[in-house]
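Some notes on the structure that comes next.
2 protein chains.
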Amino acid sequence: MARRPATKPRKHASQQRSRATVDALVEATARILVREGFDSASTNRIAEQAGVSVGSLYQYFPGKEALVAAVIARHKQDLMRVARGVLAEVEGLPLKQAVRKMVTAGVKAHSHDPQLHRVLAEQMPRTGKLGNVDVFDPENYALFKRYLESRRSEIRALDLDLAAFVCVTSIESLTHTAVLHHSATFSEEAMQALIDEATRLIVRYLQ
Amino acid sequence: MARRPATKPRKHASQQRSRATVDALVEATARILVREGFDSASTNRIAEQAGVSVGSLYQYFPGKEALVAAVIARHKQDLMRVARGVLAEVEGLPLKQAVRKMVTAGVKAHSHDPQLHRVLAEQMPRTGKLGNVDVFDPENYALFKRYLESRRSEIRALDLDLAAFVCVTSIESLTHTAVLHHSATFSEEAMQALIDEATRLIVRYLQ
DNA sequence: GCAGAATACGAGCGATCGCTCGTATTCGCT
DNA sequence: AGCGAATACGAGCGATCGCTCGTATTCTGC
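Quick note, the sequences are listed as chains A and B, same order. Under our numbering, think of the first position of the first sequence as 38, with each following residue one higher. Under our numbering, think of the first position of the second sequence as 38, with each following residue one higher.
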């Protein structure tokens, strides 16, 4: 069990040059996932695309999984920023307006880098414990539940955890499916119609 | 462009012995997908598990993709059988009872071989044109739309295509997520509560 | 019973993958 | 300017993968 002398710095980067390397690697991974698919995303290919050597890649990432995990984390942060934003913006608003804004935000979130979103949602082998991508972040349920609590007077009596699950899952799947699987079938106005319907779905359910 | 003499029988099996081989291969693929994950499903591994040689495998399947596609097709047929069954059973029933049966069927469908369903839904790289698994079969929309048409007097005036999309997508995602991601959190009675909520969601939306 | 077609076999090929490690370069610091 | 640490490099190892092909076995029809 001899300590490694000075080896295995394989984690944090101190100089700014290495920060750039790390960023380039994550960005390259995302680009390749989008443009060439998961199967083509080999470590050699990623390093090449990033303009970096494989060796450098392995100085900062223990393996391919870690690269992909970094991309996922970055994308997830983007989505959660949107979610937190709309929930804050909606605070104090009556049910109908609030739900409409949330649904619209759902569409917007899925329209932001939809290609990457699609790859992450559809092509990711969730193998090896680390990979539970779930766009359904628990935080989403919590945020929505908090809003429901603040509007208890407007909704019928029900289990808020269950209600949050039903609403968040429905909104997410409707917007996800519409944007990613039927973007051809849904024109701009058709998308508005969908937003209307989704809003009605949720509001009438809660009342 | 010389015609192949007698080569490339790589398709149909005539003798019953070869039928057995094909079945064993598909079954083995499903088992390995479930028990060892997509990444471990190599052609050699599949052939071994099926008690068959790789050579035989390639006599009937052009490649790994085809094996997986066969598994998907089989599973899809199972699910569609359930869907057609419940839609027939529900014909003529009033809205509330019908929707409840459909939701219940959704739960049941996802509970049938849930491990395989999970692998197919989550681990499948939808690469190479052939792989669009989509549990959302267009037929599902059509079946549901047909029911709605037969019950037009009970529902408000709306675009039935859009309504079918909203309902089918919601029911599917709710049951899918509940069974596959929260089976721990949803006890038997909690699942009943979920069915109640989902039913209410859809019925109130349509009325 | 036998010929030929159908089926099954499995060693091993070429390609590719994830990853290592010895070496070269650049940075931070005095 | 000069030194050690940090960073970057990339040829290439070992493992594995999908798949082929020459051969062995089994079935079918006469």
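All C-beta atoms, glycine included, are put in the ideal place defined by N, C-alpha and C.
A residue is called buried when at least 16 other Cβ atoms come within 10 angstroms of its Cβ; B/Thr206 meets this threshold and is buried. DSSP, read as helix, strand or coil, puts B/Pro151 in helix. Counting only residues of its own chain and dropping the five nearest sequence neighbours on each side, A/Leu130 has a CB closer than 8 Å to the CB of Lys138.
Within the segment 106-120 of chain A, no residue has its Cβ closer than 9 Å to any Cβ of chain B. The DSSP-derived three-state label of B/Leu94 is helix. The three-state reading of DSSP puts A/Ala103 in helix, counting H, G and I together. Between B/Ala135 and B/Tyr184, the C-beta spacing is below 8 Å. Contact annotation: B/Ala61 and B/Val105 have beta-carbon atoms that are not nearer than 8 Å. Under the 8 Å Cβ criterion, the segment 207-221 of chain B counts as touching the segment 142-162 of chain B, having at least three qualifying pairs. Runs of the alpha helix (DSSP H) spanning 4 or more residues and lying entirely within the segment 175-239 of chain B occur at 175-187 and 197-218, in chain order.
Three or more Cβ pairs drawn from the segment 149-164 of chain A and the segment 109-123 of chain A lie within less than 8 Å of each other, which places the two stretches in contact. Under the three-state reduction of DSSP output, B/Gln244 falls in the coil class, being neither helix nor strand. Interface criterion not met: the Cβ of A/Ala78 is under 8 Å from no Cβ in chain B. Spatial neighbours of A/Ser148 in its own chain (CB-CB distance under 7 Å, excluding positions within 5 residues in sequence) are listed in chain order as Val216. Below 8 Å, enough C-beta pairs join the segment 67-83 of chain A and the segment 91-99 of chain A to call them touching: three or more. Ranked by how close their Cα comes to the Cα of A/Tyr178, the residues A/Gln229, A/Val127 and A/Ala120 have A/Ala120 in first place. Taking the Cα positions, A/Ala87 is about 9 Å away from A/Val59. When DSSP states are grouped into helix, strand and coil, B/Leu130 belongs to the coil group.
Membership of A/Val89 in any alpha helix (DSSP H) is not indicated, and neither H nor E is assigned to it by DSSP. The three-state secondary structure of B/Gln52, taken from DSSP, is coil. Judged by their CB atoms, A/Val203 and B/Leu116 are not nearer to each other than the 8 Å cut-off. Close CB contacts of A/Gly122 within its chain, under the 8 Å cut and outside five residues either way in sequence, are with Ala142 (chain order). For A/Arg72, no chain B residue has a Cβ inside 8 Å of its Cβ, as the nearest lies near 13 Å away. Residues of chain A with a Cβ closer than 8 Å to the Cβ of B/Val203 are, in chain order, Leu211, Leu231, Glu234, Ala235 and Leu238. Taking 8 Å as the CB threshold, A/Ser207 lines the interface with chain B. In the three-state scheme derived from DSSP, where H, G and I count as helix and E and B as strand, A/Gln114 is classed as helix. Between the alpha carbons of B/Lys182 and A/Thr236 lies a distance of about 20 Å.
Between the C-alpha atoms of A/Glu102 and B/Pro99 there is a straight-line separation of about 30 Å. Listed along chain B, the residues sitting closer than 7 Å to A/Arg241 by beta-carbon distance are Arg241 and Tyr242.
Listed by position along chain A, the residues whose Cβ is nearer than 7 Å to that of B/Thr66 form an empty set, because the closest Cβ is around 16 Å away. Looking at the backbone, the Cα of B/Val108 and that of B/Ser190 are separated by about 41 Å.
Of the other Cβ atoms in all chains shown, fewer than 16 fall within 10 Å of the Cβ of B/Thr222; this residue is therefore exposed. Within the same chain, Lys182 and Leu185 come within 6 Å of A/Leu197 by CB-CB distance, once the 5 residues on both sides are set aside. Listed in chain order, the non-local C-beta contacts of B/His213 below 6 Å within the same chain comprise His147, local neighbours out to five positions each way being set aside.
Of the residues assessed, B/Glu126 falls on the exposed side of the cut-off, its CB having fewer than 16 other CB atoms within 10 angstroms.
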